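Asks:
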Amino acid sequence: MEEVAKNIDKPAIQSMEEQNKAVQQEIMQEIGNNANVDVKTVLMQLRNTEKRNQELLNKNKNLLEEKEFLEEKNQGLSIQVTQLQTEVEKMAKDRHKEAETIAIDALRKVFTPGQIKMLMSSTRSHIKWSAEDITSAILLRSLSPKAYRYLRNVKKLFTDI
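First residue of the sequence shown: 1, per UniProt numbering; consecutive thereafter.
Laid out in structure tokens, this is it:
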């Protein structure tokens, strides 16, 4: 990238130098054609032109240095953005895992591990029920067949028992 900027700068500098030489040649031809031209005025114009040319070259050099500095700064900021995005994604995953852990801890007070797996997983269609799960299903069915049917048919608990 720096080579491209320097290559772009070289033609601009050469163009300015060529323009300066062309102006000098025109002035010299004018002096040769017209003896009445004031040499001091022409020399003053030539010096002013050279001075302006030098100022423009210095300004161009300063702008190129500023461009390089800003490109480096931009690259550093891009790296920082990538790092922060990675950190945000990691924090989001950690937050999701923490929320899941809190939910499981709260559900553990009421439900069995098999029931918790069934509640927490939307894609699992088959759960291997433990003896505790089967016992609680039989107990619920003996106490309230209506509640058991509700959990089995509507909430899809105890479907494989």
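Ideal Cβ positions, reconstructed from N, Cα and C, are used throughout, including at glycine.
In this text, all values refer to a predicted model and were calculated from it rather than measured experimentally.
Below 8 Å between beta carbons: does that hold for leucine 139 and alanine 147?
Replies: Taking 8 Å as the Cβ cut-off, leucine 139 and alanine 147 do not qualify as a contacting pair.
Asks: Which first and last residues belong to the alpha helix (DSSP H) in which threonine 82 is found?
Replies: That run of the alpha helix (DSSP H) goes 39-108.
Asks: Does the Cβ-Cβ distance between isoleucine 116 and isoleucine 102 come in under 8 Å?
Replies: Not in contact: isoleucine 116 and isoleucine 102 (Cβ atoms no closer than 8 Å).
Asks: Please list, in chain order, all residues of the same chain as leucine 128 whose beta carbon is under 8 Å from its beta carbon, the five residues on each side excluded.
Replies: In the sequence on display, residue 128 carries lysine and not leucine. Excluding residues within five positions, the ones whose Cβ falls inside 8 Å are Gly114.
Asks: Going by the beta-carbon positions, is the gap between valine 23 and threonine 49 smaller than 8 Å?
Replies: Cβ atoms of valine 23 and threonine 49: closer than 8 Å.
Asks: Judging by CA-CA distance, which residue of Leu107, Glu26, Ser136 and Ala12 is the nearest neighbour of lysine 59?
Replies: With distances taken between Cα atoms, lysine 59 lies closest to Ala12.
Asks: With DSSP collapsed to three states, give me the class of residue 215.
Replies: Residue 215 lies beyond the range of the chain shown here (1 to 161); nothing can be said about it.
Asks: Count the other CB atoms within 10 Å of the CB of methionine 28; is the residue buried (16 or more) or exposed (fewer)?
Replies: Exposed.
Asks: Ignore the nearest five residues each way along the sequence and tell me which others in serine 130's own chain have a CB closer than 7 Å to its CB.
Replies: Thr112, Pro113 and Gly114.
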